[in-house]
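Per numbering that gives the first Met the number 0, residue 0 is the first one in the sequence shown, and the count goes up by one each step. Here's the structure, in structure tokens; my notes come after.
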Amino acid sequence: MTKPVNRAAIHKAAEKLSNWGRWGEDDQIGTLNNISPQDIISAAGLIRQGKVFALGLSLKEPIQSGLFGGRWNPIHTMLATGTDAASGNQDDPAPYLRYADDAINMPCQASTQWDALCHIFLDDKMYNGYDAKLVDARGAKKLGIEHVRNKMVGRGVLLDVARWKGVDSLDDGYAVTNEDLDGCAKAQGVEIRKGDFVIIRTGHQERCLAKGDWSGYAGGDAPGYAFETCYWIREHDIAGICSDTWGCEVRPNETNEANQPWHWVVIPAIGISMGEIFYLKELAEDCATDGVYEFFFVAPPLHLPGGAGSPVNPQAIK
0 MTKPVNRAAI HKAAEKLSNW GRWGEDDQIG TLNNISPQDI ISAAGLIRQG KVFALGLSLK
60 EPIQSGLFGG RWNPIHTMLA TGTDAASGNQ DDPAPYLRYA DDAINMPCQA STQWDALCHI
120 FLDDKMYNGY DAKLVDARGA KKLGIEHVRN KMVGRGVLLD VARWKGVDSL DDGYAVTNED
180 LDGCAKAQGV EIRKGDFVII RTGHQERCLA KGDWSGYAGG DAPGYAFETC YWIREHDIAG
240 ICSDTWGCEV RPNETNEANQ PWHWVVIPAI GISMGEIFYL KELAEDCATD GVYEFFFVAP
300 PLHLPGGAGS PVNPQAIK
């Protein structure tokens, strides 16, 4: 598909690919409806070696640079420490308890995370036609992240596009096409099925880790999904779409008429759960070694009523 991306193309795709009403007028989980109980049972059968891969990036990595949304890096603060205990500061009044305690301050989208379906609006509407004004200073009255807290489990598939292309990392601005997704899946010998969690590896995050330089990662130029892949997502009826990049879709965007045009369609129209900033290095290396690119996937968000997103440490189990 080589049609130009503009506002008209965005609204055309949103109308054609819309899942509004598909699972009822009260639906709040979108494409996660594609996962059946039998799908979860079958996915559990993919565990054959007991290998567990954590897909959450370290919260100590300073990936946020202020390019988007005023997000800051997680702030980890110790409230009580072993030095407090050893110095006797915790011994009064008696009887005492010596302990360590801490706190964390972070935006919900500061590191590896899920976007809730209330995160992106199509004009003044959210997924399933809910009014954008239902998200206010007290949180989301519809489509908050809490509605998917027991839904993020099933068959996961890694599409290692960077390795398939023979590079450590795709170039910034490289748009991963429908042909790329199908070609990579075919080369890996893995089938994309209804209800899957599809994760693509671009290598972008690993490039930043290797350099120790995160400038531009959060909101700058990056490889990512081409706009046309919104049609691929709807055609395959997958449950979730994830990547190792900050925003999943290619940057610079394919149009100057909208910021993150792919987001405009996949979240509010299709209603797909999107995972960003996934750490994929060890999983990808293991998949390349044994040739198995499917696994049991589990990644529950925090139980945060009204949240527009949630930090997560996803797990891939083979």
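Quick reminder that beta carbons are idealized off the backbone N, C-alpha and C, glycines included. Computed from a prediction, not measured in an experiment: that's the story for all the values here.
Practice problem: Using three-state DSSP, classify Thr76 as helix, strand or coil. | Solution: For the purposes of this step, residue 76 is identified with residue 77 of the sequence shown, where counting begins at 1. In the structure shown, Thr76 sits in a strand (DSSP, three-state: E or B).
Quiz item: Between which two residues does the alpha helix (DSSP H) harbouring Trp231 extend?
Solution: Here the question's residue 231 lines up with position 232 in the sequence shown. Boundaries of the alpha helix (DSSP H) harbouring Trp231: 228–235, taken from the DSSP string.
Practice problem: Taking Asp212 as part of the beta strand (DSSP E), name the residues at either end of that continuous run. | Solution: Here residue 212 corresponds to residue number 213 of the sequence shown, with the count starting at 1. Run containing Asp212: none; DSSP gives neither H nor E here.
Exercise. Quick one: grab the DSSP three-state call for Lys15.
Key: Indexing the sequence shown from 1 puts residue 15 at position 16. Reduced to three states, the DSSP call for Lys15 is helix.
Quiz item: Ile266 to Ala115, Cα distance in whole Å?
Solution: The sequence position of residue 266 within the sequence shown is 267, counting from 1. The sequence position of residue 115 within the sequence shown is 116, counting from 1. Going from the Cα of Ile266 to the Cα of Ala115 covers about 8 angstroms.
Practice problem: Report, in whole angstroms, the separation of the C-beta atoms of Trp113 and Pro251, which I expect to be a contact under 8 angstroms. | Solution: Along the sequence shown, one-based indexing puts residue 113 at 114. Along the sequence shown, one-based indexing puts residue 251 at 252. Rounded, the Cβ-Cβ distance is 25 angstroms, inconsistent with contact.
Practice problem: Go to Ser86, then tell me how far its beta strand (DSSP E) extends in each direction, as first and last residue. | Solution: The count along the sequence shown starts at 1 and reaches residue 86 at position 87. That residue, Ser86, is in no beta strand (DSSP E); it is neither H nor E in DSSP.
Quiz prompt | Cutoff 6 angstroms; reference Ala93; Cβ partners in own chain excluding five residues on either side | solution = Position 94 of the sequence shown, counted from the start, is the residue given in the question as residue 93. Cβ within range, chain order: n/a, list empty.
Quiz prompt | According to DSSP, residues forming a beta bridge with Gln314 | solution = As a working mapping, residue 314 is identified with position 315 in the sequence shown. Ala53, Val297.
Quiz prompt | 8 angstroms Cβ shell around Cys302 - same chain, five flanking residues per side excluded | solution = Looking up residue 302 in the sequence shown gives position 303. Before going further, note that residue 302 is His rather than Cys in the sequence given. Contacts found: Glu145, Arg148.
Quiz item: DSSP three-state call for Leu157: helix, strand or coil?
Solution: Residue 157 sits at position 158 when you count from the first residue of the sequence shown. DSSP places Leu157 in strand when its eight states are reduced to three.
Exercise. Starting from the C-beta of Phe52, find all residues in its chain whose C-beta is less than 6 angstroms away, skip the five residues before and the five after it, and write them out in chain order.
Key: Translated into the one-based positions of the sequence shown, residue 52 becomes position 53. Taken in chain order, the residues that qualify are Glu281, Leu282, Ala315.
Practice problem: Name the two residues that bound the continuous alpha helix (DSSP H) containing Trp318. | Solution: Residue coverage of the chain in this structure runs from 0 to 317, which leaves residue 318 outside it and unanswerable.
Quiz item: Is Ala225 closer than 8 angstroms to Val249 when the C-beta atoms are compared?
Solution: In the sequence shown, the residue the question calls residue 249 occupies position 250. In the sequence shown, the residue the question calls residue 225 occupies position 226. Closer than 8 angstroms, so yes.
Quiz prompt | Residue range of the unbroken beta strand (DSSP E) whose run includes Ser41 | solution = Mapped onto the sequence shown, residue 41 falls at position 42. From DSSP, Ser41 is part of no beta strand (DSSP E) but of the alpha helix (DSSP H) over 36–43.
Quiz item: Where does Gln187 sit, in a helix, a strand or coil, going by DSSP?
Solution: Residue 187 sits at position 188 when you count from the first residue of the sequence shown. Of the three classes helix, strand and coil, the one that applies to Gln187 here is helix, per DSSP.
Quiz item: What are the boundary residues of the alpha helix (DSSP H) that includes Ala287?
Solution: Working through the sequence shown from its first residue, we reach residue 287 at position 288. Judged by DSSP secondary structure, Ala287 falls within the alpha helix (DSSP H) whose first and last residues are 280–289.
Quiz item: Below 8 angstroms between beta carbons: does that hold for Trp231 and Leu157?
Solution: The count along the sequence shown starts at 1 and reaches residue 231 at position 232. The count along the sequence shown starts at 1 and reaches residue 157 at position 158. No. Outside cutoff.
Quiz item: Between which two residues does the beta strand (DSSP E) containing Ser168 stretch?
Solution: Within the sequence shown, numbered from 1, the residue matching residue 168 stands at position 169. Looking at the DSSP string, Ser168 is not in any beta strand (DSSP E), and its letter there is neither H nor E.
Exercise. Give the DSSP-derived three-state secondary structure of Glu178 in the structure shown.
Key: Position 179 of the sequence shown, counting from 1, holds the residue named residue 178. Helix.
Practice problem: Determine the extent of the beta strand (DSSP E) in which Trp113 is found, giving its start and end residues. | Solution: Start at 1 with the first residue of the sequence shown, and residue 113 comes out as number 114. Segment 112–114, the beta strand (DSSP E) holding Trp113.
Practice problem: Check whether the Cβ atoms of Gly305 and Gly143 lie closer than 8 angstroms to each other. | Solution: Along the sequence shown, one-based indexing puts residue 305 at 306. Along the sequence shown, one-based indexing puts residue 143 at 144. Yes, the pair counts as a contact, with Cβ atoms nearer than the cut-off.
Quiz item: Quick one: is Ala109 near chain B, going by C-beta distance under 8 angstroms?
Solution: Judged by its chain identifiers, the structure shown contains no chain B, having just a single protein chain.
Exercise. Determine the direct distance from the alpha carbon of His118 to that of Phe308, and round the result to whole angstroms.
Key: By one-based count along the sequence shown, residue 308 stands at place 309. By one-based count along the sequence shown, residue 118 stands at place 119. Before going further, note that residue 308 is Gly rather than Phe in the sequence given. C-alpha separation (whole angstroms): 7 angstroms.
Self-check item: As assigned by DSSP and simplified to three states, the class of Asn252
Solution: Working through the sequence shown from its first residue, we reach residue 252 at position 253. Three-state DSSP puts Asn252 in coil, outside helix and strand.
Quiz item: What did DSSP end up calling Ala268 once you bin it into helix, strand or coil?
Solution: For the purposes of this step, residue 268 is taken as residue 269 along the sequence shown, with counting starting at 1. In the structure shown, Ala268 sits in a helix (DSSP, three-state: H, G or I).
Quiz prompt | Lys124 in three-state terms, based on DSSP | solution = Translated into positions along the sequence shown, residue 124 becomes position 125. Of the three classes helix, strand and coil, the one that applies to Lys124 here is strand, per DSSP.
Exercise. Flag this pair as touching only if the stretch 62–77 and the stretch 103–113 have three or more C-beta atom pairs under 8 angstroms; answer yes or no.
Key: yes
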